[in-house]
Each structure stands twice: as C-alpha cells, then as structure tokens.
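Engineer: Numbers in this note's numbering are just positions in the sequence shown, counted from 1, shifted up by 52.
We put the beta carbon where it would ideally sit given N, CA and C, even for glycine.
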Amino acid sequence: MDKEPQSGVQDEFINAIRKEKIQVTVYLLNGFKLQGRIRGFDKFSVLVDANGADQLVFKHAISTIVTPRGVTHREKLEPAPAAERTEVS
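1) How long is the line joining the alpha carbons of R91 and N103, rounded to whole angstroms?
2) Please work out which residues of its chain come closer than 7 Å, Cβ to Cβ, to K111, disregarding the five sequence neighbours upstream and downstream, and give them in chain order.
3) Can you tell me which of the three DSSP states R89 falls into?
4) If you reduce the DSSP assignment to three classes, tell me which class S141 lands in.
5) Check for me: the alpha helix (DSSP H) holding V61 runs from which residue to which?
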C-alpha cells in the first residue's frame, strides 16, 4: 500500500510558473533579488534563468517568489484544512 508522494502547494506553484514560463522575481533571505524564469526545481533547489545565465538557488535561501500575474494551473491546489488556518484581523 505505498502511497504516491504528494506534491505540496509549493511544488504546484513553482511547476505552474515553470510550465507557463512566467517572468518572476525571487527574493532571497539575504535581500538579493533575482529576476528571470524558473527552468526547473527539485526538493532542495530552484534553477532560475536570469538574463541568460542559469542560477541554482537553494530553496532554504528563498524568501518569496513573486509573479506579475496570476498562475492558471491551480487545479490541484486546495485550501488548508480549517484546523490549520490562522485568522488574520
């Protein structure tokens, strides 16, 4: 009864950006900003094509990934269960 590994919201979001070849801004924890397209990713890293040069960025160094428009491939994304949500006032 092996279950197929589930991909999380993070992987679904990054994969949609990659498939749609959306120009993104990747903010790193050290304040550095990369602009480009996501070419690939795995469990630990993201490959960003920034101005024609590939940049391998480790996920633990990423603060935020910003897109200029919505991502359309969100079929698999589901809201978190109510028990995991936090009210913001």
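Structural biologist: So, from the data block:
1) So the two alpha carbons sit approximately 13 Å from each other.
2) Within the same chain, K111 has close Cβ partners F96, S97, V98.
3) It is a strand residue.
4) Low confidence applies to S141: its pLDDT is 49, below 50, so where it sits in the model is not reliable enough to give any reading.
5) Residue range 61–72 is occupied by the alpha helix (DSSP H) that includes V61.
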